[in-house]
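In terms of this note's numbering, the numbers along the sequence shown are unbroken and rise by one, the last being 288. Beta carbons: idealized from backbone N, C-alpha and C, even for Gly. Source: prediction; values computed, not measured. Notes for the one structure printed next.
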Amino acid sequence: MKLLILFFSGTGNTQFIAEYIQAHLLSKDPTTKTEITLATLEGFDPQRILEYDGLVLGYPIFAGLPPVNVRKFLKLIPHTTDKCAFVFNTKGMAEGIANWYALNRLGKKGYRPLGFCSVIMPASDGISMMLTEESKTFQKYLTRNYDTIPRVDKFAQRITDAVVTFTETGSFATLSPRKPVKFLGFFTSAFLYLLYGLIGNSMTKKLHATAECNLCMRCVKECPQTNIFREGDDIKFHDQCIFCLRCVNICPQRAIQMGKLTVGKARWHGPKGDFRPLQYRLPQKTP
Ligand SMILES: Cc1cc2nc3c(=O)[nH]c(=O)nc-3n(C[C@H](O)[C@H](O)[C@H](O)COP(=O)(O)O)c2cc1C
2 MKLLILFFSG
12 TGNTQFIAEY
22 IQAHLLSKDP
32 TTKTEITLAT
42 LEGFDPQRIL
52 EYDGLVLGYP
62 IFAGLPPVNV
72 RKFLKLIPHT
82 TDKCAFVFNT
92 KGMAEGIANW
102 YALNRLGKKG
112 YRPLGFCSVI
122 MPASDGISMM
132 LTEESKTFQK
142 YLTRNYDTIP
152 RVDKFAQRIT
162 DAVVTFTETG
172 SFATLSPRKP
182 VKFLGFFTSA
192 FLYLLYGLIG
202 NSMTKKLHAT
212 AECNLCMRCV
222 KECPQTNIFR
232 EGDDIKFHDQ
242 CIFCLRCVNI
252 CPQRAIQMGK
262 LTVGKARWHG
272 PKGDFRPLQY
282 RLPQKTP
């Protein structure tokens, strides 16, 4: 069986959970016949999804939904049959209908929705826009133990069970579909969507590089939207920002700011401090 763990991660939390799931699956795979691919959604050709029997899709929650690039991706993937899908998110607090939304989209594309998971992680929006490094909350984020996350273990076990079923029967048809209930998160999503809708546009327009910028180009290379470019000795921004805050957090000079809001605030590099956004970008297939 070929399983794809595909994720988008702005600041490292979702990548960390994707790696965690992969490690769990590898350690528990009783068939040892599963081929697991871990890939970032950035630069991933939606058609390639057909190469896999099962999909595990991960994303952070932005304004009560999966981020815009993930929602676009869900629209672009081809229709299929006989494949299964699991989804997971990382969030600061509330996911609204995000998992329902993603599984519903995948179901419409022919995937059998088999499970979902939601993991509370450090809030990337709060860190870069509200918390100083000395704050108690940020210090808690730094010292929290991320080695064992029982809810993700349970989720990964459900994926393992599906793998076993597929290996034994060649199909997922005997497994019952599982989807979250929509109405539970509807109002949360609507509220968050309106809130971020109100502030998001004006905030992303305030992105700029300060005099500390040494033109290392990391932001240009690592922006998931290729929204950042160099013009002469300046770093500039197009209008395709999805508010993932990666540029603000990865800049080694702390030179990227969003207005004054991010000045003097903490920066996040994933739970282990080692987030490298391009690490799981699959090489493009040569035609
Ligand atoms: C623009 C923005 C909006 C966010 N909206 C929500 C939200 O609606 N609910 C929530 O629980 N967390 C929200 N968060 C927090 C992130 O979902 C959370 O920190 C996530 O783990 C970040 O994952 P990443 O490091 O993989 O990007 C938001 C973060 C950002 C940057």
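Closer than 7 Å: is that where the CB of residue i sits relative to any heavy atom of ligand 1?
i    : result
I62  : yes
Y197 : yes
M94  : yes
T12  : yes
Q23  : no
S136 : no
M122 : yes
S125 : yes
C220 : no
F188 : no
G274 : no
Q158 : no
Please state if the CB of residue j and the CB of residue i are separated by a distance shorter than 8 Å.
i    : j    : result
L7   : F63  : no
P225 : C245 : yes
K266 : S129 : yes
L51  : F87  : no
P181 : N100 : yes
F156 : C217 : no
K3   : D54  : yes
N90  : I243 : no
M259 : L208 : yes
E223 : P278 : yes
R282 : E135 : no
P123 : W269 : yes
G186 : E96  : yes
Buried or exposed for residue i, please, with buried defined as at least 16 other CB atoms from any protein chain shown within 10 angstroms of its CB.
i    : result
D234 : exposed
N14  : buried
P151 : exposed
N146 : exposed
K141 : exposed
Q48  : exposed
M94  : exposed
Suppose you measure from the CA of residue i to the CA of residue j; what does that come to, to the nearest Å?
i    : j    : result
N215 : H239 : 20 Å
L66  : I98  : 7 Å
V153 : G59  : 12 Å
A40  : F9   : 9 Å
T189 : T211 : 36 Å
T35  : D83  : 17 Å
A174 : R231 : 51 Å
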